Amino acid sequence: MSSIGTGYDLAASTFSPDGRIFQIEYAQKAVDNSGTMIALRGKNGVVTAVDKVITSKMYEE
């Protein structure tokens, strides 16, 4: 998916000549590469939680 310099990845409403929307594809790739996230909306606020991966060699299971 090399779209650098084509100009078709500047807006989510711009289609490439072959009918692709690169902004949507970029968003899907970001979701595929991300971890778990949960959001809860309440009457008086919002709570979010994420799964943080620890990559330190000092961490033991």
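Everything in the sequence shown is counted per our numbering, starting at 12 for the first residue and increasing by one. Glycine is no exception: its CB is placed at the ideal position from the N, C-alpha and C atoms. Quick caveat: nothing in here was measured; it's all calculated off a predicted structure.
For residue i, which beta-bridge partners are listed by DSSP?
i	result
THR59	ALA50
Secondary structure at residue i, three-state DSSP: helix, strand or coil?
i	result
ASP43	helix
ILE35	helix
GLY16	Its pLDDT being 40, under 50, GLY16 is placed unreliably in this model, and the value from its coordinates should be taken loosely. In this structure, GLY16 counts as coil in the three-state DSSP scheme.
Closer than 6 Å by C-beta to residue i: which residues in its own chain qualify, once you throw out the five before and the five after it? Chain order, please.
i	result
VAL58	LEU51
ASP43	none
MET48	VAL61
Below 7 Å CB to CB, which residues in the same chain sit around residue i once its five sequence neighbours on both sides are set aside?
i	result
ILE35	ALA23
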